[in-house]
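K.L.:
The following block contains the structure, expressed as structure tokens.
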Amino acid sequence: MAHDRIAVIDFGGQYAHLIATKVRRRGVLAEIRQPEDPAEAFHGYKGIIISGSPSLASRGEDSDYDKAIYDLETPILGFCFGHQEIARHYGGRVVHGGREWGHADLHIGGEHDLFRGLDPIERVWMSHFDSVVEVGPDFRELAWTLTPEGAPDNRYAAIGSDTLKRYGFQFHPEVDDTVHGDEMIANFVFEICGCSPSWSMDGLADELKDRIRVQVGERSVFLLASGGVDST
Numbered sequence: 362m363a364h365d366r367i368a369v370i371d372f373g374g375q376y377a378h379l380i381a382t383k384v385r386r387r388g389v390l391a392e393i394r395q396p397e398d399p400a401e402a403f404h405g406y407k408g409i410i411i412s413g414s415p416s417l418a419s420r421g422e423d424s425d426y427d428k429a430i431y432d433l434e435t436p437i438l439g440f441c442f443g444h445q446e447i448a449r450h451y452g453g454r455v456v457h458g459g460r461e462w463g464h465a466d467l468h469i470g471g472e473h474d475l476f477r478g479l480d481p482i483e484r485v486w487m488s489h490f491d492s493v494v495e496v497g498p499d500f501r502e503l504a505w506t507l508t509p510e511g512a513p514d515n516r517y518a519a520i521g522s523d524t525l526k527r528y529g530f531q532f533h534p535e536v537d538d539t540v541h542g543d544e545m546i547a548n549f550v551f552e553i554c555g556c557s558p559s560w561s562m563d564g565l566a567d568e569l570k571d572r573i574r575v576q577v578g579e580r581s582v583f584l585l586a587s588g589g590v591d592s593t
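Here the sequence shown is numbered in the numbering used here, starting from 362 and rising by one per residue.
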């Protein structure tokens with residue numbers, strides 16, 4: 362059975378596999394891809410998520426990937442570094458500043474499918490040095506954060522272009538510290554990408570067994586298994 366798939370591009374951030382896990386828990390198959398994969402490798406995916414990275418987008422670090430992914434009609438959502446890369450590619454500006462680390466109040470600037478079912482103010486988790494300070498002509502600010510004192514802290518905490526189907530979150534929705542981050546990811550997967558929740562680990566096991574039966578036929582299978590505590 363063919364399942365809808367989401368690609369997660371791993372730029373070396375600590376949460377790429379967690380992003381994939383969050384998508385899979387919603388019943389959609391997520392696959393980890395590498396930055397060096399050509400754009401052609403992303404054909405057939407319903408959506409692409411660009412992970413965070415320890416690299417600095419403001420200095421052009423870790424930017425040697427196939428920019429032709431932006432020519433695809435596939436919806437793309439970036440987290441942190443991915444958010445900054447999307448902004449840069451489409452004419453925005455990213456600057457290096459002081460570190461923002463910890464909880465922040467995300468002020469959502471109106472109704473949008475990415476924030477469907479959420480409150481006007483959401484608790485999110487920030488961990489970055491670079492920030493988007495300008496967006497390109499096709500983009501608009503979807504949400505911003507405020508410091509505890511009420512001064513503007515990050516005017517482009519979430520950006521988007523519904524025409525291009527390109528979106529970015531400066532914060533990390535994949536971590537539990539972002540209270541409704543799971544819902545934000547699910548909104549991208551279902552509302553923006555139009556995925557159907559047809560995948561499960563149990564279903565995958567059955568599919569693999571069927572595939573092995575077809576491949577093996579009437580032949581015997583010799584299986585080696587380790588009983589060590591570190592076995593997979």
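Don't be surprised by glycine CBs; every beta carbon is placed ideally from N, CA and C.
1. Per DSSP, what are the beta-bridge partners of H560 in this structure?
2. For R366, which of R386, F476, Y517 has the nearest alpha-carbon?
3. Thinking H489 and E535 are a contact (beta carbons under 8 Å), I'd like their distance in whole angstroms, please.
4. If you compare alpha carbons, which of R394, G374, L390, I393 is closest to S414?
5. For a test of the three-state rule: what should DSSP assign to F372, helix, strand or coil?
6. Give the DSSP-derived three-state secondary structure of V493 in the structure shown.
7. If you reduce the DSSP assignment to three classes, tell me which class T382 lands in.
8. Can you round the beta-carbon distance between G443 and L475 to whole angstroms, since I take them to be within the 8 Å contact cut?
9. Between the stretch 433-441 and the stretch 465-474, do three or more beta carbon pairs fall short of 8 Å?
10. Excluding the five sequence neighbours on either side, which residues of its own chain have a C-beta within less than 7 Å of the C-beta of S557, listed in chain order?
11. Give the straight-line distance between the Cα atoms of I447 and S424, rounded to the nearest whole angstrom.
12. Quick check on S522: does DSSP put it in helix, strand or coil?
13. Let me know the secondary structure DSSP gives R387 once reduced to three states.
14. What three-state label does DSSP hand A504 in the structure shown?
15. If you measure between the beta carbons of E495 and Y517, is that distance less than 9 Å?
16. Does DSSP classify P513 as helix, strand or coil?
17. So what does S488 bridge to, in DSSP terms?
18. With a Cβ-Cβ cutoff of 9 Å, do A368 and T382 count as a contact?
P.N.:
Per the coordinate set shown:
1. Per the sequence shown, residue 560 should be read as Trp rather than His. DSSP lists no partner for W560.
2. R386
3. No, H489 and E535 are not in contact; Cβ-Cβ is about 14 Å, not under 8 Å.
4. Each of R394, G374, L390, I393 was checked against the Cα of S414, and the nearest Cα belongs to G374.
5. coil
6. strand
7. The three-state secondary structure of T382, taken from DSSP, is helix.
8. Rounded, the Cβ-Cβ distance is 14 Å, inconsistent with contact.
9. Contact between the stretch 433-441 and the stretch 465-474 is absent: fewer than three C-beta pairs spanning the two stretches fall below 8 Å.
10. D365
11. 11 Å
12. strand
13. DSSP places R387 in coil when its eight states are reduced to three.
14. Residue state for A504 is assigned as strand, using DSSP reduced to three classes.
15. yes
16. Since pLDDT at P513 reaches only 48, below the 50 mark, its modelled position is unreliable, and the value read off the structure follows with that caveat. Looking at P513 - three-state DSSP - the assignment turns out to be strand.
17. W462
18. No; because the gap between Cβ atoms is not below 9 Å, this pair is not in contact.
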